[in-house]
Amino acid sequence: MGAGGAVLLLAVLFVVVGVDRVVDALAAADPVLVALTAGLGLCWLAAWSLMLRAVLGALDVEMSVRTAFLVYSGAAFANNVTPFGQAGGEPVAAALISKVGEARYETGLVGIASVDVLNVVPSVSLVFLGVGSYAATTAVGDRVGFAVASAVALIAAIVSAIAFVWRYRVAVVDRVPGALGPFLGRFDRFDAETIEAGLADRLGNFFADIERVGTDRPRLLGIVALSLLGWLFQAAALTAAFAAVGHPISPLIPVFVVPLSYVAGATPLPGGLGGIEAALVGLLVPTTGVAASAITAAVLVFRGAVYWLPMVIGGASASALGVKAFE
């Protein structure tokens, strides 16, 4: 689908809710509250960049706070321009981390993958806590219930796959290189023995680095706390976006709506563009009682803070850090 699919989804969304009404709501938005939304988006980016710094610290990759912010912004840029969100952007982000941090590629991959995986823990907690609190005062509609069930099913599948690979990691290191080496060796440009030895070494380092991150319990708790803080900053940004378009909502609703909407990031769209916007509108219409056009305007303000702003910062930082790394 790619960028074309994202544009098509956004176009359909605008047509359904009414382009003129969305534009009018955006034009009337409070600029101070729009700026606050952007500021909260930067706070989220800073919190998760500190997560990355803490994870890399466990792997003996030292990085200043400023550099970590720029590197994570670059990673966010990679996630936002590749299909399937984090899954598509992680290889690019890992290359950037390895160049800037002067680390092995597999160490950079463990660093960014750990951040993405650990972000799941507080997101699930926020979904259940938020939906539970919301259900205590309001009936949960079928749309929200379906979204929760879909998110839980997807997360369960991912966690199960990770647990399976981790349990049989020794077999993976022993057998995968032996299978890929001879296959790639059929092509003249590849040497089977070199590929097999190199891949076995990289896989061994990859799993060893994961174990190092997982065994540092105090650091791990701090990383999860930073993840939770980042999610709360995103929820606060969406709350501020609604206030900016003149429709304040309960701060409780974004607490579970924001993590749920990220399920759409698993679609083959660049950074979930279009899919996440549609998911947010679909979840917020039945939970807020606000007009769809105003919701769409608030979502666009919010996504400007957590998608387009990191795109600008991340694109510039990835370019600058990439040039610096190759000097």
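Numbering-wise (this note's numbering), the sequence shown opens with residue 11 and increments by one.
Where a beta carbon is used, it is the ideal one built from N, C-alpha and C, also for glycine.
Since the model is a prediction, treat every value here as computed from it, not as a measurement.
Given residue i, which residues of its chain have a CB within under 6 Å of its CB, disregarding the five upstream and five downstream residues?
i: A245; result: P264, V265, V268
i: I323; result: S83
i: S327; result: L80, S83, G84
i: P261; result: T249
i: R31; result: S303
i: A78; result: S59, L62, R63
i: T204; result: none
i: A167; result: none
i: S143; result: L262
So, under 8 Å CB-CB, residue i and residue j are touching, yes? Tell me the CB distance rounded to an integer number of Å.
i: V183; j: G214; result: 5 Å
i: I259; j: V300; result: 7 Å
i: L119; j: F216; result: 7 Å
i: I165; j: V125; result: Actually they do not touch by this definition, with Cβ atoms about 16 Å apart.
i: W54; j: A247; result: 7 Å
i: T117; j: D219; result: 5 Å
i: L52; j: G111; result: Incorrect: roughly 23 Å between the Cβ atoms, too far for contact.
Compute the distance between the beta-carbons of residue i and residue j, then report whether it is under 8 Å.
i: V81; j: L43; result: no
i: A103; j: A85; result: yes
i: V273; j: S170; result: no
i: A48; j: L270; result: no
i: L36; j: E287; result: no
Which same chain residues end up closer than 8 Å to residue i when comparing Cβ atoms and leaving out the 5 residues on each side of it in sequence?
i: L236; result: A57, W58, L60, M61, A64
i: R114; result: S108, R212, N215
i: V291; result: L23, V27, A302, I305, T306, V309
i: F336; result: Confidence at F336 is low in this model, with a pLDDT of 41, below 50, so its placement is unreliable and no value can be given for it.
i: L209; result: V186, P187, L190, G191
i: F156; result: none
i: V175; result: V182
Please name the residue, chosen from the options, that lies closest to residue i on a Cα-to-Cα basis.
i: L230; options: G49, S329, C53, V127; result: V127
i: V180; options: P192, G324, E221; result: E221
i: G140; options: A251, L18, W241; result: W241
i: A254; options: A39, R177, A167; result: A39
i: A45; options: A315, G324, G325, A330; result: A315
i: V234; options: H257, L136, S160, R313; result: L136
i: G191; options: E206, L294, Y178; result: E206
i: L50; options: A328, I286, G285, F243; result: F243
i: T132; options: G232, G256, V17; result: Per the sequence shown, the amino acid found at residue 132 is Pro instead of Thr. P132 has its Cα closest to that of G232, out of G232, G256, V17.
i: D226; options: F174, V32, D70; result: D70
i: G325; options: V25, T92, V175, V158; result: T92
i: P41; options: G285, Y317, G256; result: G256
i: I172; options: A123, S329, P228; result: A123
i: V162; options: M73, F138, F174; result: F138
Quick one: does residue i have its CB under 8 Å from some CB of chain D?
i: P261; result: The question asks about chain D, but that chain is absent: this structure has only one protein chain.
Can you give me the Cβ contacts of residue i inside the same chain, cut-off strictly under 7 Å, excluding the 5 residues immediately before and after it?
i: V134; result: I165
i: M321; result: F87, N90
i: R76; result: none
i: G401; result: Only positions 11 to 337 of the chain appear in the structure, and residue 401 is not among them; the question remains open.
i: L239; result: A57
i: L18; result: none
Buried or exposed, going by whether 16 or more other CB atoms sit within 10 Å of the CB of residue i?
i: F252; result: buried
i: R313; result: buried
i: V333; result: Summary for V333: the model assigns pLDDT 49, below 50, so the residue's position carries little reliability; its value from the coordinates is reported in the next sentence. It is exposed - the Cβ of V333 has fewer than 16 other Cβ atoms within 10 Å.
i: L294; result: buried
i: F100; result: According to the sequence as given, residue 100 is Glu; it is not Phe. Buried, by the Cβ-count rule.
i: T297; result: buried
i: Y178; result: exposed
i: T147; result: exposed
i: A330; result: exposed
i: G285; result: buried
i: V25; result: exposed
i: G121; result: buried
i: V223; result: buried
i: V158; result: buried
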